[in-house]
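In this note's numbering, the protein residues as written are 92 to 510.
C-beta atoms are modelled at their ideal positions from N, C-alpha and C, and glycine is treated no differently.
All remarks here apply to the structure that follows.
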Ligand code: F6P
C-alpha cells in the first residue's frame, strides 16, 4: 500500500561522491527508511549494471577517464540505469535513488535534464569523507565486493585506491548553482543543505542528520507475560503474571551477562505497566518510558479475546484478516498508524551511539524490527516476535545481523485472526 502526501512530486535522489565515501551505505539506509514509511522507493546502482552487463573483473585502468572504451561503457551503464529509473517513475514509483559517483558537472546536468523532461525533481546527496572513513570503508565493504572475488586483499586495496584516483582527477563537488543538494560530511559530523523544501526532502534531512557509522547492538524484547496474556486478551494495562515476573528475572541475568558489558546502555520502555514492571526487575533506575512505544490501540476491541472479537465484530475480524497492515480498529490504530507513531523512535535509534534495549509490545516491535531489518511493510504485521525472547540486532555495513535468545519460561501461543 502506498502513502502519497498531496504535494509530493516524484523525486530522484542522486548520490554524488568519490568511491568509498559511504554512498551506498547512505542510499540503502534511505531506501529502507522511505519504503518503511510507505513511499514507493527503489535503488538504481550503476555499479550493479556494470557488473551485470560488462562484467565484474575490470581493474582500475577501466575507470581511467582517458580510457575511451571504459568511459563509453560506463556512460552506457549510467544511461541504462537512468532510463530504468525514469521508467520506474512512469509506472508509479515515487522516489528513485540513483547510486553512482556522478562526480562531474556534465554528468549531473545530463541527469537533471532527463529528469526535468519527465517532471521529476532532483536532489543531490553528496558524501564527503575523511581519510580514516575511506580506509575503513575500503576494508569493510570493497574487499567483499564482487569486483574483487578471489583477489589478494593487498592487491585489491591497491587497485581500488588507483580507481579512486581516476575519479578524483575529474571530481567537481556539487555547487549551489546546480540546484537542491544535501552534503554529508564525515557521516554524522556536518550537513549542508541548499534549496531543500517540501515534505519528503525535509524529512530526509532530519533522517540524514542523525546518521552515524558507530555499530552498536540493539536489543528488542516484549514485556514478560501478563494476566491479559494468560487470558488471551489484547490491549489493556494489566500486570505481569508469575511467569512474566520469572521472565523479568531471566532478562535481568541476560542483561548483566550480555548487555551491561557494552558499557552505557539506553533502556526504553512504553508507558504501560507491563513494560515498566519488566524493566523494574533490571534494577537500573534509569529506563526512559515513551508513549510512542505503547502497544497498538485496539479501540472498541481493547480487552477482548480474538474469539470474542470474531463473535461480536465479524466484519471487523474479516477486514483485519484481509489487510492486517492497513486495517484500523474502530477508535483505534492500524499497523500503518503504528509505523507513523514509532518513526521518532527509529530516528532516535539512528541518532543514538550507545547500545539500546527496548522493552515494548508485539505490534510496536514488529514495526521497529521491520525497519531495522529492512523487511517489506506487508510482512510487518506477521513477523515473529514471541514473548520471553530477546532479539539482538547488530548493525553491519549494509543491514543488521540478528540473534535470538529464548530465555523462557516457555508459553502457549494465542494467535489473532491473521498473526
Ligand atoms: O496479544 C498481545 C498483543 O500485544 C495485543 O495487546 C495486541 O493487540 C496484539 O498483541 C498485536 O498482535 P496482532 O496484531 O497479531 O493482533
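- Taking residue 192 as the centre and dropping the five residues before and after it, the same chain places the C-beta of 258 closer than 6 Å to its C-beta, in chain order.
- Taking a cut-off of 8 Å on C-beta distances, the stretch 235 to 253 does not touch the stretch 173 to 192, as fewer than three cross pairs fall below it.
- At least one heavy atom of the ligand F6P lies closer than 7 Å to the C-beta of residue 325.
- Look at residue 284 here: in three-state DSSP terms it is strand.
- With respect to the C-alpha of residue 461, the residue from 491, 399, 229 having the closest C-alpha is 491.
- Straight through space, the alpha carbons of residue 289 and residue 114 are spaced by roughly 23 Å.
- Segment contact: the stretch 227 to 237 against the stretch 163 to 177, fewer than three CB-CB distances shorter than 8 Å; contact not assigned.
- Here the distance from the Cβ of residue 387 to the nearest heavy atom of the ligand F6P is below 7 Å.
- DSSP places residue 103 in the uninterrupted beta strand (DSSP E) bounded by 102 to 107.
- Take the alpha-carbon of residue 343 and the one of residue 333: they are about 15 Å apart.
- For residue 320, the number of other beta carbons within 10 angstroms of its own is at least 16, and it is reported as buried.
- Residue 265 and residue 199 have their C-alpha atoms spaced approximately 9 Å apart.
- Annotation note: the stretch 254 to 328 contains the following uninterrupted beta strand (DSSP E) runs of length 3 or greater, listed N- to C-terminal: 272 to 276, 281 to 285, 309 to 313.
- When the five nearest sequence neighbours on each side are left out, the beta carbons in the same chain lying within less than 7 Å of the beta carbon of residue 383 are those of 432, 433, 435, 436, in order along the chain.
- The stretch 480 to 489 makes contact with the stretch 303 to 317; the number of CB pairs closer than 8 Å reaches 3 or more.
- The closest CA to that of residue 480, considering only 469, 360, 494, 471, is found on 494.
- Around the beta-carbon of residue 352, fewer than 16 other beta-carbon atoms lie within 10 Å, marking it exposed.
- Of all C-beta pairs linking the stretch 102 to 119 to the stretch 264 to 278, three or more are shorter than 8 Å, placing the two stretches in contact.
- The DSSP assignment places complete beta strand (DSSP E) segments of no fewer than 3 residues inside the stretch 124 to 163 at 132 to 136, in order along the chain.
- Annotation for residue 152: 158, 161 place their beta carbon closer than 8 Å to its own, counting only its chain and skipping 5 residues before and after.
- Each residue's CA atom was taken as its position, placing residue 475 and residue 214 some 37 Å apart.
- Annotation: residue 202 is outside any beta strand (DSSP E); the continuous alpha helix (DSSP H) that includes it extends over 196 to 208.
- Distances between the C-beta of residue 454 and the heavy atoms of the ligand F6P include at least one below 7 Å.
- Taken through DSSP and simplified to helix, strand or coil, residue 330 comes out as coil.
- Using a C-beta cut-off of 8 Å, the stretch 322 to 336 makes contact with the stretch 394 to 410, since at least three inter-stretch Cβ pairs fall below that distance.
- Segment contact: the stretch 450 to 465 against the stretch 120 to 132, three or more CB-CB distances shorter than 8 Å; contact assigned.
- Under the three-state reduction of DSSP output, residue 471 falls in the helix class.
- Between residue 188 and residue 101, the CB-CB gap reaches or exceeds 8 Å.
- For residue 411, the uninterrupted alpha helix (DSSP H) run begins and ends at 405 to 413, by DSSP.
- Residue 207 counts as exposed, since fewer than 16 other beta carbons sit within 10 angstroms of its beta carbon.
- Annotated three-state conformation of residue 487 is strand, per DSSP.
- Nearest C-alpha to residue 212 among 252, 135, 270, 261: 270.
- Annotation for residue 320 indicates a beta carbon within 7 Å of some heavy atom of the ligand F6P.
- If you compare the alpha carbons of 452, 167, 345 with that of residue 498, the shortest gap goes to 345.
- Taken through DSSP and simplified to helix, strand or coil, residue 492 comes out as strand.
- For residue 299, the CB contacts under 8 Å within the same chain, skipping 5 residues up- and downstream, are 117, 121, 216, 273, 275, 282 in chain order.
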